[in-house]
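**Student:** If you scroll down you'll find the structure; I have some questions about it.
Number of protein chains: 2
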Amino acid sequence: MAQTHAPKSAAAKGRRGVYEDLRRRIVTLDLAPGAALSENELAARLGVSRTPVREALILLADEGLVRVFPKVGSFVSRVDLQAVEDAQFLREAVELAALGAIPAKPAPGIVDRLVANLAEQERAGIEAEEFMALDEVFHRDLLDLSGHANVWTTVEAAKAQLDRARRLGLSLEPDPLARFAAEHRAIFDAVMAPDRARARRLLRAHLRAVFNDIEQVRAVSPELFAGDPDSAPTRRSVAVWE
Amino acid sequence: MAQTHAPKSAAAKGRRGVYEDLRRRIVTLDLAPGAALSENELAARLGVSRTPVREALILLADEGLVRVFPKVGSFVSRVDLQAVEDAQFLREAVELAALGAIPAKPAPGIVDRLVANLAEQERAGIEAEEFMALDEVFHRDLLDLSGHANVWTTVEAAKAQLDRARRLGLSLEPDPLARFAAEHRAIFDAVMAPDRARARRLLRAHLRAVFNDIEQVRAVSPELFAGDPDSAPTRRSVAVWE
DNA sequence: TATACCGCGCTTGTATGGTAGCGCAAGCGT
DNA sequence: ACGCTTGCGCTACCATACAAGCGCGGTATA
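Protein chains in written order, with my numbering: chain H, 1 to 242; chain R, 1 to 242.
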């Protein structure tokens, strides 16, 4: 955990910058579920005042990635199985509906992007982080084909819940990336065939693959999951030598 | 427009109170699309400081009900046809998917609530506002039957976009409430039959009924709709004698 | 030793002050 | 009379100060 000394964020300041930074660190598990998020500490570390930090936390709380206990503290949300299941349900509903709304002649520009994207995914020796980004764009473009690209923001929020769970289980399989890429390719082919029924079946199976791993992770690292839905946080006093 | 004099909101203060108050006034068209929402003015009118007002506006902007132009002003979002269509798409996808996830033996408690709700809807001489509230609970409970009640928050956000459009067209039909109630009844009967295919068909038709009116409204009151997607607001100087 | 109590430090929530930026409008130059 | 410039008032944005509340930890007490 390389803790750089002072300002730390060369990226964009302001509410937007803080939001994006925190969100990225949460979904990538750089900030573990349950971690404390003190407004003061974050403000000092990011080199801004409490205001933009606080506003970013409010947005993240609204998104379900942060839990705020008034007058007590703010924390990274633990992985709630019900929340993951709900996110899965929402995403599946939207993406499958989008499949049915794709016109007979899809927009060529988007199709080209998807083709290039798939090629990148199948590149040998690709890193997990890069693959996740490509995965995101793939599903986004798939939604874009239906003409409802704006709905992505909603799917994205649900996807955040799923991604945390997915990353927990990434190490359980030898090479999941190649499998995901193959599934993406199969889905794309079915869409372009066009074979709607097959596309639906494949996409549904692809989306549901997440749950295979998550239960195993729960057995290994139960502290990352929410036991009591409304459990209160606790405070700890630690002695330091400055 | 009865402008009460001073504190105006006897309801809950704080961020939550301001948010709920503003949201209610926006979706009920009490605050018209395009209306200016000055932090200072709202803070003064609601009897709180700018901070909770600002935070509420941020949440509303994230929800798409408010548009913020930095250093210029905040305004109630105009009705964007694309946004309405996207909200429709999302809601349809989720609610139809929920229909498919309803178990063979639905939870009796929820069913009882639905039965009572339908009876209320069919009451003679019911007010529009009260009916809208019942409509909300009806669809919420329908989602609850599938076991994914938490997804309602997302549907609710989409519904806000739709409700504004719907209220604009409420006066175009002699008695739309009775028709809505009848459709609700038919959907509920199909769900309980159970006849999934019929339920799907009826629910889809019910949800899409909104668009029948909205185009007519656009012809009558174009200023409520967004022309240019990214049109900038303008400032006006008015002379007053205090 | 076990237990009730009270204070203190931390937290978020709210209020207020200062800053930068935008758009209009009046005023100057042409 | 027309176009450019400059000033002004407003805005949202960020920083800071103040207030209120919760929970732990030490202390006094049974």
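Cβ coordinates follow ideal geometry from the N, Cα and C atoms, glycine included. All figures in this text were calculated on a predicted structure; none of them were measured in a lab.
Would Glu39 (chain H) count as contacting chain R if we go by Cβ distances under 7 Å?
**Tutor:** Output row for Glu39 (chain H): interface = no.
**Student:** So is Gly14 (chain H) buried or exposed if we call it buried at 16+ other beta carbons inside 10 Å?
**Tutor:** Gly14 (chain H) should be labelled exposed.
**Student:** Are the Cβ atoms of Tyr19 (chain H) and Leu59 (chain H) separated by less than 7 Å?
**Tutor:** Closer than 7 Å, so yes.
**Student:** Measuring only the C-alpha atoms, how far is Ala205 (chain R) from Ala83 (chain R)?
**Tutor:** C-alpha separation (whole angstroms): 19 Å.
**Student:** Between the segment 131-150 of chain R and chain H, which residues of the former have a C-beta closer than 9 Å to a C-beta of the latter?
**Tutor:** Under the 9 Å Cβ criterion, the segment 131-150 of chain R contributes Ser146, Gly147, His148, Ala149 and Asn150.
**Student:** So what's Gly73 (chain R) in DSSP terms, helix, strand or just coil?
**Tutor:** Gly73 (chain R) falls in the strand class under three-state DSSP.
**Student:** Could you check whether the segment 143-160 of chain R touches the segment 87-106 of chain R, counting it as contact only if at least three pairs of C-beta atoms, one from each stretch, sit closer than 8 Å?
**Tutor:** Touching, per the Cβ criterion.
**Student:** Residues of chain R with a CB under 8 Å from the CB of Asp62 (chain H): which are they?
**Tutor:** Per Cβ cutoff of 8 Å: Leu59 and Asp62.
**Student:** Cβ closer than 8 Å: which chain H residues qualify as neighbours of Gln82 (chain R)?
**Tutor:** Correct list: Asn150.
**Student:** What number of angstroms, rounded off, separates the C-alpha of Val94 (chain H) from the C-alpha of Val155 (chain H)?
**Tutor:** Taking the straight line joining both Cα atoms gives about 8 Å.
**Student:** In chain order, which alpha helix (DSSP H) runs of at least 4 residues are fully inside the segment 21-102 of chain R?
**Tutor:** Listed in chain order, they are 39-46, 50-63 and 81-101.
**Student:** On the CB-based measure, 16 or more other CB atoms within 10 Å of its CB, does Pro33 (chain R) come out buried or exposed?
**Tutor:** Flag for Pro33 (chain R) reads buried.
**Student:** Hey, quick one: how far does the alpha helix (DSSP H) through Asn117 (chain H) stretch, first residue to last?
**Tutor:** Its alpha helix (DSSP H) spans residues Pro108 to Gln121.
**Student:** I need the straight-line Cα distance from Ala219 (chain R) to Val53 (chain R), nearest angstrom please.
**Tutor:** Using only the alpha carbons, I get a separation of about 34 Å.
**Student:** Across which residues does DSSP place Phe138 (chain H) in a beta bridge pair?
**Tutor:** According to DSSP, which records beta bridges pairwise, Phe138 (chain H) is partnered with nothing at all.
**Student:** Cβ closer than 7 Å: which chain R residues qualify as neighbours of Leu90 (chain H)?
**Tutor:** What Leu90 (chain H) touches in chain R: Val94, Val151 and Thr154.
**Student:** List, in chain order, every chain R residue whose beta-carbon is nearer than 9 Å to that of Glu55 (chain H).
**Tutor:** Correct list: Arg54, Glu55 and Ile58.
**Student:** Buried or exposed: Arg138 (chain H), going by 16 or more other Cβ atoms within 10 Å of its Cβ?
**Tutor:** Reading off the sequence, residue 138 (chain H) comes out as Phe, not Arg. Burial call: buried.
**Student:** Going by beta carbon distance, what residues of the same chain come within less than 8 Å of Gln3 (chain H), once the five residues before and after it are set aside?
**Tutor:** With a pLDDT of 34 at Gln3 (chain H), under the threshold of 50, the modelled position of this residue cannot be trusted; read the value that follows with caution. None.
**Student:** Where do the ends of the alpha helix (DSSP H) carrying Arg205 (chain R) lie?
**Tutor:** It is Ala, not Arg, that sits at residue 205 (chain R) in the sequence shown. Segment Arg196 to Arg208, the alpha helix (DSSP H) holding Ala205 (chain R).
**Student:** Drop a sphere of 10 angstroms on the beta-carbon of Ser221 (chain R), count the other beta-carbons inside from all chains shown, and report buried for 16 or more, exposed for fewer.
**Tutor:** Answer is exposed; the Cβ neighbour count stays below 16.
**Student:** Please report the Cβ distance between Ser39 (chain H) and Ser74 (chain H), rounded to the nearest whole angstrom; I am assuming they are in contact, meaning their Cβ atoms lie under 8 Å.
**Tutor:** First, the amino acid is wrong: residue 39 (chain H) is Glu here, not Ser. Confirmed, Cβ separation roughly 7 Å.
**Student:** Measuring alpha carbon to alpha carbon, tell me which of R:Phe131, R:Ile214 and R:Leu114 ends up nearest Gln121 (chain R).
**Tutor:** With distances taken between Cα atoms, Gln121 (chain R) lies closest to R:Phe131.
**Student:** Starting from the beta carbon of Asp97 (chain R), find every residue of chain H whose beta carbon is closer than 8 Å, and list them in chain order.
**Tutor:** Per the sequence shown, the amino acid found at residue 97 (chain R) is Ala instead of Asp. The answer, in chain order, is Phe89, Glu92, Ala93, Leu96 and Ala97.
**Student:** Which same chain residues end up closer than 8 Å to Arg208 (chain H) when comparing Cβ atoms and leaving out the 5 residues on each side of it in sequence?
**Tutor:** Gln88 and Glu92, listed in sequence order.
**Student:** For a contact meaning CB atoms closer than 9 Å, what does Asp189 (chain R) contact in chain H?
**Tutor:** Correct list: empty, because the minimum Cβ distance to chain H is about 23 Å.
**Student:** Along the chain, where does the alpha helix (DSSP H) that runs through Lys105 (chain R) open and close?
**Tutor:** Note, Lys105 (chain R): premise wrong, no alpha helix (DSSP H); not H, not E.
**Student:** Using C-beta distances below 6 Å, list every residue in its chain close to Arg166 (chain R), excluding the 5 sequence neighbours before and after it, in chain order.
**Tutor:** Excluding residues within five positions, the ones whose Cβ falls inside 6 Å are Val210.
**Student:** Using DSSP with H/G/I as helix, E/B as strand and the rest coil, what is Thr4 (chain R)?
**Tutor:** Residue placement at Thr4 (chain R) is flagged as unreliable, the pLDDT there being 34, under the threshold of 50; the coordinate-derived value follows with that caveat. Thr4 (chain R) falls in the coil class under three-state DSSP.
**Student:** With a cut-off of 8 Å on the beta carbons, I'd call Ala226 (chain R) and Val79 (chain R) a contact; round off their distance for me.
**Tutor:** That pair is a contact at about 7 Å.
**Student:** Which word fits Gln161 (chain H), buried or exposed, when buried means at least 16 other C-beta atoms lie within 10 angstroms of its C-beta?
**Tutor:** That one is buried.
**Student:** Look at the Cβ atom of Ser27 (chain R), then the Cβ atom of Asp175 (chain R), and state whether they are nearer than 7 Å.
**Tutor:** Per the sequence shown, residue 27 (chain R) should be read as Val rather than Ser. Not closer than 7 Å, so no.
**Student:** Report yes or no: is there a C-beta of chain H within less than 7 Å of the C-beta of Asp86 (chain R)?
**Tutor:** Taking Cβ atoms only, chain H reaches closer than 7 Å to Asp86 (chain R), which makes this a yes.
**Student:** Bridge partners of Phe188 (chain R), per DSSP?
**Tutor:** According to DSSP, which records beta bridges pairwise, Phe188 (chain R) is partnered with nothing at all.
**Student:** Roughly how many angstroms separate the alpha carbons of Leu118 (chain R) and Ala36 (chain R), rounded to a whole number?
**Tutor:** Near 38 Å, if we compare the C-alpha coordinates of Ala36 (chain R) and Leu118 (chain R).
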